[in-house]
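Protein chains in written order, with the working numbering: chain A, 11 to 182; chain B, 634 to 1143. This report concerns only the one structure given below.
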């Protein structure tokens, strides 16, 4: 039995660094929020003081729990849980970057082109280049469906680009 | 014109004969309900030029059918891809999406459709019968009572975060704090806006919804080829009509659950400004609190899906009561209906039912017939809709992000709202990966501003005296009910544990 225990690797502590992000953000935001209402009338303050104090109290209790677990050696401050699985971390970061890029580019090239470009680039990233032509077709279909539904049917005022300008005369 | 059984029979037959308006409106409603940002109210506004030139009766039937079906449509993406189409469906994915991930998407859709239909039909009949009484509910529910109703919804934060209450509270109260962003309700002092003018009106709901649910989910699911497990994929591929019938059977078996949760929706719907989001959160919370199996909620439990779906469809008839009986619209869609009615020279209020009973009662009959027709037109589609879950995440994630970002842009036409949705997406991703419940954050964002609004009104009346919150009889009854609701689950659990221990002991003795 003792030998068996010796052969088992020691259990690594749970990495709780990621769990601290939300409380830290919440604390920072609560403090910032309170500074914005410090000299305001009581009607602007009452909710902030009530909710803010509950939030800070909850975070304080959470901090005590984390400190206790850290002292007991059951947790570490790594970010393994947040980034797992590491094998797709790069893909995930690029995908998030593509999403942000889509919003930025949308304003300049219009909805249809930006949507086609974003969907196609994302599929190539996530699916590989095995079926690049089929994927291009699927992306084109999605962009056309988006244009038909959002711009032609519902008349939403999405940013216009060359495609929208070209098709505008055909809209009712 | 006498209002008797023959009148209602004639009205029913006449409304059914308008199927050519109702059925296309149902499908349009399903589409606009399913895309975040495209609510029934937006669509009716877009189509207002057509609605105004229609015959008043046809226009009303079109609007009612669109309104009811959009409510049902909002539940479809909530179940299949974890994206509630509207805030009213924000509680639907709590149990609907886990069912879809287990390969029970078809069953979940059937449960959602049947509970929505039954909830809608039942509350329409009750609304017709008890209209004068229900119309008075709005008079008794003042800001003090509404503060307690909001607390019913907010207490759901603790329920859904049962695995780690502290994390749930941090997420939920953080959501409340985010919901407090914007100018204050009395002096318009900007609070927590970080200098963005776009946030002076508060945090827009759709970008928060899109970010916390859709974008964070899209970032998360790319870890696998599909959102389904291998077993789930086999189940969806081989599923026949039996899955739909099973969903229907499960819902009909829980008819009492449908009844009381839809009544919660009806009563909350009658209160002007309350709405489907509050109703579905309160119904879910109550359903869980008094369930024999509260631990199953959040894991794909049918009752956790029935409660919000019945409640948010119960709201539809409730919202129209104050509009038609006392001329106060209970929500955005009802307000647009008021515009159409007034444009056509029809005055709403008690006289509507005397001067134009075919219109006053006709609205509810249109709702009744819409729900009946929805049962036959939408239910068979559940088998085909559920196949969406088979689409590879490599295709689904980018398409979901592109289309839902558009949804976050539509309500205000601000590109800023797309950036906001992205920021909420990152927040939602961190929350999901580190064990915080995104629904808890969303409950805070939705109910926070409403809670503040009602609380401020109450405090203004009492010059800042907090005791005003305990000054009304109805409010005090609601406080007691709230305490019972919060205390009941643990009391019931202890009682069950004692009973189970006694049974084991008696069996041992035997």
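Glycine included, C-beta positions come from ideal geometry on N, C-alpha and C.
query                                                                                                             : result
Euclidean distance between Cα positions of residue 846(B) and residue 929(B)                                      : 21 Å
Amino acids of chain A, ordered along the chain, whose beta-carbon sits closer than 9 Å to that of residue 852(B) : 102, 105, 106 and 109
Positions along the stretch 38-57 of chain A whose CB lies within less than 7 Å of some CB in chain B             : 39, 40, 42, 43, 46, 47, 50, 51, 52, 53, 54, 56 and 57
Residue 120(A) and residue 169(A) closer than 7 Å at C-beta                                                       : yes
Residue 824(B), DSSP secondary structure in three states                                                          : strand
Residue 11(A) (DSSP reduced to helix, strand or coil)                                                             : Interpretation of residue 11(A) is limited by its pLDDT of 40, a score under 50 that renders its predicted location unreliable; the figure taken from the coordinates is listed afterwards. Three-state result, residue 11(A): coil.
Cβ of residue 33(A) within 7 Å of any chain B Cβ                                                                  : yes
Residue of 132(A), 139(A) and 177(A) minimising C-alpha distance to residue 1029(B)                               : 132(A)
Chain B within 7 Å of residue 160(A), Cβ atoms only                                                               : yes
Helix, strand or coil at residue 47(A) according to DSSP, with G and I counted as helix                           : helix
Sequence-distant residues of its chain with Cβ nearer than 7 Å to residue 797(B) (five each side left out)        : 1068
CB contact check: residue 733(B) to chain A, cutoff 7 Å                                                           : no
7 Å Cβ cutoff, residue 1145(B) in contact with chain A                                                            : What the structure shows of chain B is the stretch from 634 to 1143, and residue 1145(B) is not part of that stretch, so it cannot be assessed.
Exposure of residue 864(B), with buried meaning 16 or more beta-carbon neighbours within 10 Å                     : exposed
For residue 6(A), the three-state DSSP class (helix, strand or coil)                                              : Summary: the structure shown does not reach residue 6(A), with chain A confined to residues 11 through 182, and so no result is reported for it.
Contact with chain A by residue 855(B), beta-carbon distance below 7 Å                                            : yes
Assumed close pair residue 752(B), residue 712(B) - CB separation to whole angstroms, cut-off 8 Å                 : Not quite, the Cβ-Cβ distance comes to about 16 Å (not below 8 Å), so this is no contact.
Spatially closest choice to residue 910(B) from 1116(B), 1076(B), 1137(B) and 665(B), by CA coordinates           : 1076(B)
Interface residues of the stretch 110-123 of chain A facing chain B [CB-CB below 8 Å]                             : 110, 112, 113, 116, 117 and 121
Chain-ordered chain A contacts of residue 1067(B) [CB-CB under 7 Å]                                               : 28, 29, 31, 32, 91 and 92
CA-to-CA distance, residue 780(B) to residue 1087(B), given in whole angstroms                                    : 6 Å
Chain B within 7 Å of residue 146(A), Cβ atoms only                                                               : no
Nearest neighbour of residue 1009(B), chosen from 758(B), 790(B), 877(B) and 859(B) [CA to CA]                    : 877(B)
Three CB pairs or more closer than 8 Å across the stretch 712-732 of chain B and the stretch 680-691 of chain B   : no
Candidates 735(B), 742(B) and 674(B), of which the one nearest residue 1018(B) by Cα                              : 742(B)
Beta-carbon gap between residue 974(B) and residue 981(B) smaller than 7 Å                                        : yes
Proximal residues of chain A, C-beta to C-beta of residue 1031(B) below 7 Å                                       : 128, 129, 132 and 133
Own chain, CB closer than 7 Å to residue 44(A), minus 5 neighbours either side, in chain order                    : 58 and 62
Contacts of residue 125(A) in chain B (Cβ-Cβ under 7 Å)                                                           : 1035
Chain B contact for residue 59(A) (CB, 7 Å cutoff)                                                                : no
DSSP three-state assignment for residue 25(A), whether helix, strand or coil                                      : strand
Sequence-distant residues of its chain with Cβ nearer than 6 Å to residue 648(B) (five each side left out)        : 998, 999 and 1002
Segment limits, alpha helix (DSSP H) that includes residue 706(B)                                                 : 689-706
Close Cβ partners of residue 671(B) (< 6 Å) along its chain, the five nearest in sequence each way excluded       : 665
Cβ-based burial, residue 1035(B) [other Cβ within 10 Å; buried from 16]                                           : buried
Residue from 735(B), 705(B) and 736(B) with nearest C-alpha to residue 725(B)                                     : 705(B)
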